[in-house]
Every structure is written in structure tokens, then in C-alpha cells.
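Residue numbers (my numbering), protein chains in the order written: chain B, 1 to 263; chain G, 264 to 570.
Quick reminder that beta carbons are idealized off the backbone N, C-alpha and C, glycines included.
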Amino acid sequence: MIFTAYRLELFKMRKRLVVWVAYLCFCLLTVLIFGGPFYAAQRSHGHGYFGFPNALQTILSAATGTASIFGVVLIVLMVCNEFDWKTSRQNIIDGLSKPQWFAGKALLIPTVAVTLYLVVFAIGGTLAFIGTSASQPHSVDPTSTYILAACGALLAMACNGSIALLIALSVRSTGPALAAALIYQVFDAIAATSLRGLHLQAVARYLPIQVHNALLVYDQYLPYGSSARSHLDWQTGVLFLAGITWVAVLLCVSYRIYMKRDL
Amino acid sequence: MSILSVSGLTKRYGKLLAVDDVTFDVLEGQVFGFLGPNGSGKTTTIGMIFGIVTPTAGHLTLFGSDSPKALAQSRTRLGGTLEQPNLYPYLTGRENLRLVAAIKRLDDSHVDPALKAVDLSAAADRTTKGYSLGMKQRLALAAAMLGDPQLLIFDEPTNGLDPEGMQEIRELILKLSRSGRTIVLSTHLLAEVERICTHVAILKRGRLLRSAAVSELTAGAPVFRLRTDNLLTLWEAVSKYPAAQQMRREHGAIYTELADADPASLCRYLAGLGIYLAELTNLRPTLEETFLRLTGSDGAADAQAAP
């Protein structure tokens, strides 16, 4: 039945115009993000390069912050409207259990993260493919770096999506939830700065958005000892663990809030 | 056979006692009206039956099941709506029903007959955003009927509808009732309950005031109003009639209770005396009068007699 709930979520997502508008806006922004380096490389007559394999680093990291924000917006839109229209309660009346309903919504987080990342790959990859030239000197990072960077970006989006789900299930109204989710991004940054000022760096770096931001940094996944990584203070394993823990904690808290409150 | 049994059901929101120790039974085949002024706890009670509101205290038995797991299973045998038609505005009528069918584990072949039953086939491929309230109510009824549930619960199904829309919904509910389904209907419209329901529970401020058959609530010693050209002659004649009790004269008419509840005999008796009545009206107490008597003036302010 969880599969049915998820299938229905995909059906609803596919049918909502606002979802398509959000994806279209994200596509346009992604074109702008990759279009800049691509255009510059095309006009530089050999001095710049936006093609494979060098562009992989940019493709894997340049648009992920924007993707993460769009993920938050999409999750809030897909969850809060169910309370605005009271369809969440109707789904339960019709026979879906509350855990199944929650599972359907929670599965939207990886779905949104993967689809947004696919958009990034499609647009960035297409431009990089056009710009690829055999005569250019190639800069290739280890395959593990690319894989870890992609996983890190997806985990970061899942982390931000989980924050969005928690806020959406707590606030239950689209406008205020969107505002709260976006304000939280700023709040987290300010809280981290304040904590660092109080010499609580260890606490500050583990705040959800700080972990999210660290997960989006491509250099984080370069081999240990590389100069680009020297200024970063996270160990990849610990960073991933922190990200997974935040996703799990946020989902558990969201679940408890959803189960405890009447519809 | 009891389909739904509620015992001591209570819901408290902080200091507010929304539902206070409500107990009633709904038997198979009944059309059970839930009557009360706005804010009397009807929707909260129904929410608890549907499992979307957690009771603070009390016991609920649905199709003989009362454990949480068995209740969840039993809830697949009930359908209905709460407060308003809860539809996805960006989906068409057909897509809304397909979604409900998927939740109820039915295939799409059930959708078209359901749309036809509520006369929405022509509008099935329009988004429900553009539906009138009456169409939304009908679609919600179709959704509730999917899977042929044994118990249907409708909360204010005619709310906001014009008289024609109300009539359509009433007829649909009556049709469902004639097909043998048990129906629980929450409303604050007294006429609706009197026209549709076999049994009624009256709530006020979360408390159950009375639960009985509609006929029982409206029963009582029948009072008759009699008028003729010569009221004095009529008074003298009726006062000698053995079954006449509690006579009084008001506004140019005579009011009397008839112990034998047989107005035809009274007519024959009066005709024998050469008195022919201009009016003989049975003033049986209406549900409205019973409701107002039970709920007092507060209830009267919120409940509406007849649209």
C-alpha cells in the first residue's frame, strides 16, 4: 500500500501545473548557471573550456544549491496543499492509513532530489557535450570523487527536503510554510555564526543547513591530501553520517508530529 | 445488528470539551441523523468515527471490531465526507475518482458507473476547480460510494447548496438508503433530518441530549385545531365528546387532544349534530418543536427549520 501511496503522489505531482512551472523555472535557472561558463568558453578561443571531462565538477556542484531550494519549494507545495484542501483527511477517510500517507510524502523527498539533479545533468551535460573538444587539456578527478559528490549533493537535497517536510507538516499552510522554510535557511546561518562567536564551532558545524552546505562542496570529495581540500575540516564519512542522521531525525520528528495531530 | 456503537466518546481540546461522553448505536439499514447547532460536536464525533480525530476517552465499535488494528480494517467498509467535498481542484472529476479508487484498491472500471450514478459523466473530464458546489457534493458522494461501503457517513452534505441542489443530494441519499446501506448524516437542517432520517441523535455543546427514532421524537398526544362558523356551538358539542381532553379556545379556534386519536369519529359525531367543520388540523409536534424544546433558545438560533 505504501507503493500505492507513492504512485498517487507521483500522479498528483505530474498533474499539478505549479510543479511543472517550478521545474521550468529551475530549467531556465540551470541554463543560466551553466550558460555563463559555456558561453565564456565558446568566446575565449581556446583560453576557457566547458566540456567533458573538466565540466563534470561544475555540473556536479554548480546548480545543486539552487536545486536544493527548489526541492524545498516543491515539497512544501506538495504537502501543505493537502491540508489547505483537506484532501489529507479525505485520503485517510477513503482508506489510506496515516503511516502510508506519510510514507508517500516522505518518498517525494528522494524523488524531487533525483529529478532536479537529473535536470542539472541533462542541461549541464548537453552544454558540456557541445563544448567538448579533444584538443583541450583534460583535468580528471578520481571516479570516486564524482560519485561521492553526486551522493553528497543528493543527501544535501534530502536533508533540506526533510526540513521542508517537517515545516510543512507543522505549519500546514502553503504560504507560511514556504516563508518559514526559507527563513530557516537564514536562521541556521545566523545561529551558526553566533555559535562560532561563542566558541561552539563543533555545535555550529553540525546544524542542519551547515551540514547541507558542506555536503554541496565539491572539494569535500577530493582525495585526502589534495591542496583544494586542505581548508575543509570535514571527514567525508563523518559528513555523510551527519547528513543521514539529520534526514533520519527530521523524518522521525515529522512522523511523530503528523501522527500526534488530528487531521 | 449494530453497525456502529459509540460509548462514552469524549474529545477535549485543552480546556474546551468538544464532545462530552456521547453514547449511541447505529443499527444496520438505519438512516441516522446527527442533529445539532453549529459547534455542537457533530463533526468532531464523526472525525473520531473516521479515525482522523483521536478521542480523549471512550469506546468505538465498528462492524463489531473495537481494537485499534481491527478498527482500521473495519474502516475500509465505510465511506463518506467530512465538512465539505474534499477534492483536488487541479484534477478532473474522473481523476479524483481514479485516485479514490486506487486508495480503495479498485480498478478504474468502477469510476464511470460512479460518475453516471451522480449524473456527472458529462463533466467528468473537467477539473473540479470549475465545478459548482452541488457538483462537488455529488462527486464527493460518488467517491464515498466507490467500493460499495456498508456504512456511509456524510457531514453536512447539503451545506451551501441552493434548494434544487439540496433536493438532488437528498434524493441521492434516499436512493442509497433504499439500496440497504446504513447512513449517518450530520446536519443542522431539521427539515433534512425529518425528510431523510429514520433515527436521530440531538447534540448540544458536545453533549448528547436525545437519541431515538424520528417517529418517537415527534410522537405525543395529538392535538387538533377545529374551526367552524359558530364556535360556541362547536365548543359545547366537543366538550361533550368523550375522547376530547385538554380543550382550549385560542385565536378563533378550538384546540383539543383526542384520547382515541381518531379525528374521523369526531367528524362523524359533529356531523350527526349538524356541525360541519371548516378546519380540522392535526398539530402533531414536529421535529423542529422537539429540537427547540431540547436545545433551548441557543439551538434555535443556529438550527434552521426548512429551506
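Alpha carbon to alpha carbon, how far is residue i from residue j?
i, j, result
"Thr143 of chain B", "Pro99 of chain B", "39 Å"
"Lys278 of chain G", "Val21 of chain B", "45 Å"
"Val282 of chain G", "Arg89 of chain B", "20 Å"
"Ala228 of chain B", "Ser61 of chain B", "15 Å"
"Pro505 of chain G", "Arg512 of chain G", "18 Å"
"Met554 of chain G", "Gly410 of chain G", "According to the sequence shown, residue 554 of chain G is Phe rather than Met. Their backbone Cα atoms lie some 35 Å apart in a straight line."
"Ile33 of chain B", "Ala134 of chain B", "24 Å"
"Glu551 of chain G", "Gln413 of chain G", "30 Å"
"Tyr532 of chain G", "Leu521 of chain G", "13 Å"
"Asp425 of chain G", "Ala365 of chain G", "32 Å"
"Pro376 of chain G", "Leu360 of chain G", "11 Å"
"Phe38 of chain B", "Met157 of chain B", "25 Å"
"Ile183 of chain B", "His199 of chain B", "24 Å"
"Ala564 of chain G", "Leu165 of chain B", "Below a pLDDT of 50, predicted positions are generally treated as unreliable, and Ala564 of chain G, at 44, falls in that range; the measurement from the model is reported next regardless. Cα-Cα distance, rounded: 43 Å."
"Gly152 of chain B", "Gly321 of chain G", "49 Å"
"Cys25 of chain B", "Leu239 of chain B", "31 Å"
"Tyr117 of chain B", "Leu404 of chain G", "42 Å"
"Thr30 of chain B", "Phe121 of chain B", "10 Å"
"Pro570 of chain G", "Glu455 of chain G", "Residue confidence is low: Pro570 of chain G scores 39 on pLDDT, short of 50, so the model does not pin down where it sits. Its coordinate-derived value is still stated next. Straight-line Cα distance between these residues: approximately 9 Å."
"Gln220 of chain B", "Thr317 of chain G", "47 Å"
"Ala214 of chain B", "Ile75 of chain B", "22 Å"
"Leu383 of chain G", "Glu9 of chain B", "25 Å"
"Thr481 of chain G", "Arg547 of chain G", "7 Å"
"Thr174 of chain B", "Asp418 of chain G", "26 Å"
"Tyr338 of chain B", "Ile147 of chain B", "Examination of residue 338 of chain B is not possible in this model, given that chain B is present from 1 through 263 alone."
"Gln185 of chain B", "Thr66 of chain B", "13 Å"
"Leu341 of chain G", "Ile538 of chain G", "58 Å"
As a quick exercise: from the options, pick the residue whose alpha carbon is nearest that of residue i.
i, options, result
"Val491 of chain G", "G:Ala541, G:Gln413, G:Asp283", "What sits at residue 491 of chain G in the sequence shown is Thr, not Val. With distances taken between Cα atoms, Thr491 of chain G lies closest to G:Ala541."
"Ala524 of chain G", "G:Arg488, G:Arg468, G:Arg512, G:Phe313", "G:Arg488"
"Thr450 of chain G", "G:Asn301, G:Val285, G:Gly321", "G:Asn301"
"Ala149 of chain B", "B:Ala122, B:Ile244, B:Leu251, B:Thr58", "B:Thr58"
"Arg261 of chain B", "B:Gly95, B:Ile190, B:Arg172, B:Ala192", "B:Arg172"
"Ile190 of chain B", "B:Ala179, B:Thr174, B:Leu207", "B:Leu207"
"Gly423 of chain G", "G:Leu360, G:Gly296, G:Leu480, G:Pro348", "G:Pro348"
"Asp141 of chain B", "B:Trp234, B:Leu17, B:Ala41, B:Tyr224", "B:Tyr224"
"Leu325 of chain G", "G:Leu415, G:Arg458, G:Glu431, G:Thr496", "G:Leu415"
"Leu439 of chain G", "G:Ala407, G:Tyr518, G:Pro526, G:Gly314", "G:Ala407"
"Leu280 of chain G", "G:His514, G:Lys467, G:Leu543", "G:Lys467"
"Tyr218 of chain B", "B:Gln185, B:Leu250, B:Ile75, B:Trp234", "B:Trp234"
"Val247 of chain B", "B:Ile130, B:Leu154, B:Leu263, B:Phe11", "B:Leu154"
"Arg441 of chain G", "G:Val269, G:Ile266, G:Gly292, G:Leu354", "G:Gly292"
"Gly296 of chain G", "G:Leu354, G:Gly537, G:Ser337, G:Ala475", "G:Ala475"
Is DSSP giving residue i helix, strand or coil here?
i, result
"Arg490 of chain G", "strand"
"Tyr255 of chain B", "helix"
"Tyr276 of chain G", "strand"
"Glu419 of chain G", "coil"
"Gln413 of chain G", "coil"
"Met408 of chain G", "helix"
"Ile109 of chain B", "helix"
"Ile266 of chain G", "strand"
"Ala564 of chain G", "Low per-residue confidence applies at Ala564 of chain G: pLDDT is 44, beneath 50, and the placement is therefore not dependable enough to give any value."
"Gly51 of chain B", "coil"
"Phe287 of chain G", "strand"
"Ser68 of chain B", "helix"
"Phe326 of chain G", "coil"
"Arg345 of chain G", "This sequence places Leu at residue 345 of chain G; Arg is not what is there. Looking at Leu345 of chain G - three-state DSSP - the assignment turns out to be strand."
"Ile315 of chain G", "coil"
"Ala524 of chain G", "coil"
"Ala63 of chain B", "coil"
"His199 of chain B", "coil"
"Lys503 of chain G", "coil"
"Met510 of chain G", "strand"
"Ser449 of chain G", "strand"
If I'm right that residue i touches residue j with Cβ under 8 Å, what's the distance once you round it to whole angstroms?
i, j, result
"Ile93 of chain B", "Leu345 of chain G", "6 Å"
"Asp332 of chain B", "Ile167 of chain B", "Examination of residue 332 of chain B is not possible in this model, given that chain B is present from 1 through 263 alone."
"Val18 of chain B", "Leu77 of chain B", "6 Å"
"Thr461 of chain G", "Val294 of chain G", "5 Å"
"Gln400 of chain G", "Ile432 of chain G", "6 Å"
"Val289 of chain G", "Val447 of chain G", "6 Å"
"Ile257 of chain B", "Ser170 of chain B", "6 Å"
Check your understanding: In the stretch 98-112 of chain B, which residues sit with their C-beta less than 8 Å from some C-beta in chain G, listed in chain order?
Key -> none
Check your understanding: According to a CB-to-CB cut-off of less than 7 Å, which residues of the stretch 141-155 of chain B neighbour chain G?
Key -> none
Practice item. With 8 Å as the C-beta to C-beta threshold (strictly closer), list the residues of the stretch 307-328 of chain G near chain B in chain order. Key: Gly310, Phe313, Gly314, Ile315, Val316, Thr317
Check your understanding: If you measure beta-carbon to beta-carbon, which residues of the stretch 65-98 of chain B are closer than 8 Å to chain G?
Key -> Trp85, Lys86, Thr87, Arg89, Gln90, Asn91, Ile92, Ile93, Asp94, Gly95, Leu96, Ser97
Check your understanding: Can you list, in chain order, the residues of the stretch 366-388 of chain G whose Cβ is nearer than 9 Å to any Cβ on chain B?
Key -> Ile366, Lys367, Arg368
Exercise for review: Output, in sequence order along the chain, the residues in the stretch 330-352 of chain G whose CB is closer than 9 Å to any CB in chain B.
Suggested key: Ala335, Arg338, Thr339, Leu341, Gly342, Gly343, Thr344, Leu345, Glu346, Gln347, Pro348, Asn349, Leu350, Tyr351, Pro352
Point to revise | Residues in the stretch 406-429 of chain G having any Cβ partner in chain B nearer than 9 Å | key: Ala406, Ala407, Leu409, Gly410, Ile416
**Study point:** Residues in the stretch 14-28 of chain B having any Cβ partner in chain G nearer than 7 Å
**Key:** Lys15, Arg16, Leu17
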